[in-house]
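Reading through the structure tokens given below for one structure.
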Amino acid sequence: MDIPRGSLRDGTTMEEVGEAGDGAMREYNESEMLLVVALGIGLISLVITLIRKLKWRRKTNVNVEIVLKNHEFLDPKRYTYSQIKKMTNSFEINQGQGGFGSVYKGELSNGNLVAVKVLI
């Protein structure tokens, strides 16, 4: 019996499989085809999300440098990790937890109290 290639009324699609011309047919039902399409869309979405996240991260790092350069008149001071560790007494007093990390009590060399946020 010669079954035509293509879609049938019940949603089944017939495709030839095997050696060319041997007439072997394989059924692909709607759920299999839907699964393949959904997996493809999911994979493409994942790749796009990862690319956007990497670009956003890179953009954020550049923005920090731009803000510091634009506010030079305020003379923002940068501290090394060892200086921060010293001013917080090795992160002894935890003031709380924020959305992006812990906040510790610190004291500058001039006696001013500061809050030091350690980003995660």
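Going by this note's numbering, the first residue of the sequence shown is number 361, and it counts up by one from there. Ideal Cβ placement from N, Cα and C applies to all residues, glycine included. Note that the structure is a prediction, hence the values are computed from the model and not measured.
Which of helix, strand or coil DSSP assigns to residue i
{"i": "Leu428", "result": "helix"}
{"i": "Lys413", "result": "helix"}
{"i": "Gly466", "result": "strand"}
{"i": "Gly456", "result": "strand"}
{"i": "Lys437", "result": "coil"}
{"i": "Asn423", "result": "helix"}
C-alpha distance - residue i paired with residue j, whole-angstrom precision
{"i": "Ile480", "j": "Asn389", "result": "48 Å"}
{"i": "Leu468", "j": "Thr440", "result": "13 Å"}
Residues that DSSP places opposite residue i in a beta bridge
{"i": "Val474", "result": "Gly466"}
{"i": "Gly400", "result": "DSSP output for Gly400 lists no bridge partner at all."}
{"i": "Leu479", "result": "Gly461"}
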